[in-house]
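If you read the sequence shown in the working numbering, its first letter stands for residue 268, the second for the next number, and so on. Idealized CB from N, CA, C, for every residue including glycine.
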Amino acid sequence: MIPYTETKDIVEKRSRILITISQLFVSKIIAHAQESDPIECCGVLAGPNNVFEKLTQMTNVDNSPFRFSWNQKELLNVYLEMEDNNWTNRAVYHSHTHSEAYPSDTDIRMAGWPEAHYIIVSLMNKTNPILRSFRIVDGLVEEETIEVI
268 MIPYTETKDI VEKRSRILIT ISQLFVSKII AHAQESDPIE CCGVLAGPNN VFEKLTQMTN
328 VDNSPFRFSW NQKELLNVYL EMEDNNWTNR AVYHSHTHSE AYPSDTDIRM AGWPEAHYII
388 VSLMNKTNPI LRSFRIVDGL VEEETIEVI
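(1) Pairing CB atoms from the stretch 358-372 with CB atoms from the stretch 386-400, are three or more of them under 8 Å?
(2) Within 10 angstroms of the Cβ of V425, are there 16 or more other Cβ atoms? Answer buried if so, exposed if not.
(3) DSSP three-state call for S400: helix, strand or coil?
(4) Between the stretch 308-317 and the stretch 343-352, can you find at least three pairs of beta-carbon atoms closer than 8 Å?
(5) Starting from R376, trace the alpha helix (DSSP H) both ways and give me its first and last residue.
(6) Among L407, T394 and N327, which one has its Cα closest to the Cα of P370?
(7) Would you call N395 buried or exposed, if buried means 16 or more other Cβ atoms sit within 10 Å of its Cβ?
(8) Can you name, in chain order, every residue of its own chain whose Cβ lies under 8 Å from the Cβ of D329, other than the five neighbours on each side?
(9) So T412 and L285 are in contact, right, with Cβ under 8 Å, and what is the actual spacing, rounded?
(10) Per DSSP, what are the beta-bridge partners of T326 in this structure?
(11) According to DSSP, is E302 part of a helix, a strand, or is it coil?
(12) Which residue wins for smallest C-alpha separation from F401, given the options K295, I416, P381 and D304?
(13) Compute the beta-carbon to beta-carbon distance between I416 and Q290, rounded to the nearest angstrom, for a pair I have assumed lies under 8 Å.
Quick look at the structure:
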């Protein structure tokens, strides 16, 4: 299960947007973050409609504990696969190794897909990672409710 710091009721009252993610993909995102620590991890989820069918771990070319940048060749391959399959459901994920699971100023500035979900896993507490999801459009951040199936 996702380790929440708040009750589900509080999270649902704060957000009307819903993102549905399989327990398998949640576990893989958290494992990727933990395996990459102290470097930020990054990756993409994609699929049709409201379903995620594929998780792709990406290379953080910044190799930094404080920021990430995509490997452009990997990103192009993921983008082409999404286009070839007509996958319109997209999520970008990355980790914050030393801060909360909330978009940084850099995350907000670099958010390039307004239709995408932005998932952040915080490793501030190494034994209790926190996973949260957001929409970022025109510099505005709105948290989403995560439903794990």
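Quick answer:
(1) yes
(2) Here the chain has residues from 268 to 416 only, and residue 425 is not among them.
(3) strand
(4) yes
(5) First-last of the alpha helix (DSSP H) with R376: D372 to M377.
(6) L407
(7) exposed
(8) E307, F335 and S336
(9) 5 Å
(10) In the DSSP output, where bridge partners are listed per residue, T326 has none listed.
(11) helix
(12) P381
(13) Right, their Cβ atoms sit about 7 Å apart.
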